[in-house]
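Peer 1:
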Amino acid sequence: MQNRDAVFLEDFCPKLRDRQWRKSLHSYTAKRCIYCGNASESIDHILPRSKGGLSITENCVPACLSCNGKKSDTEAFYWYRKQRFYDPRRAMAIRAWIDGDISLAMRLLQWAQPKELEKNSKIKWDIKAA
Ligand SMILES: [Zn+2]
């Protein structure tokens, strides 16, 4: 591990760790909702907490309030396929995200939203390198 002190500090500041974690999730999608591409304003649990979904990266995706609210406790892919803004590239990105392959998810999202990720590519790579 490279940054032992930082890990140590974060272990004692769960709130700080949570905030940084949420920030990093948003950065992976260039602050875009993974479902529809609008600004991400919240973190959605792909498998809802009410159904045992964990608050881990593989189960948490940036989402706009509209998608987060409308999806609610519905199965994510079942819900997503019925949306007008359904995009198979985004669906693949969500699959990759669940599998823990965030870099593949980011590539698929870049394919779905080239302009947004281009603008944020500097931030994206800074965070990846950290
Ligand atoms: Zn959305």
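When we follow the UniProt record's numbering, the leftmost residue of the sequence shown carries the number 1, and every step to the right adds one.
Note that CB positions come from ideal geometry on N, CA and C, so glycine has one too.
Small disclaimer: the values here were computed from a predicted structure and weren't measured.
Which residues share a DSSP beta bridge with ILE43?
Peer 2: DSSP lists PRO62 as partners of ILE43.
Peer 1: Straight-line CA distance for MET1 to VAL61?
Peer 2: Model confidence at MET1 stands at a pLDDT of 46, short of 50, so the residue's coordinates are unreliable and nothing is read from them.
Peer 1: Measuring from the CB of TYR80, is there a heavy atom of ligand 1 at a distance below 6 Å?
Peer 2: No, since every heavy atom of ligand 1 falls outside the 6 Å radius drawn around the Cβ of TYR80.
Peer 1: Here's the rule: buried if 16 or more other CB atoms are within 10 angstroms of the residue's CB, otherwise exposed. What is ASP18?
Peer 2: With fewer than 16 Cβ atoms within 10 Å of its Cβ, ASP18 is classed as exposed.
Peer 1: Which stretch, first to last residue, makes up the alpha helix (DSSP H) that contains SER50?
Peer 2: Neither: SER50 is in no alpha helix (DSSP H) and is coded neither H nor E.
Peer 1: Excluding five sequence neighbours on each side, which residues of the same chain lie with their C-beta closer than 6 Å to the C-beta of GLY37?
Peer 2: If we look at GLY37 and ignore the five residues flanking it on each side, its Cβ neighbours are GLN113.
Peer 1: Quick check on ILE46: buried or exposed, where buried means 16 or more other Cβ atoms within 10 Å of its Cβ?
Peer 2: Its Cβ being crowded by 16 or more others within 10 Å, ILE46 is buried.
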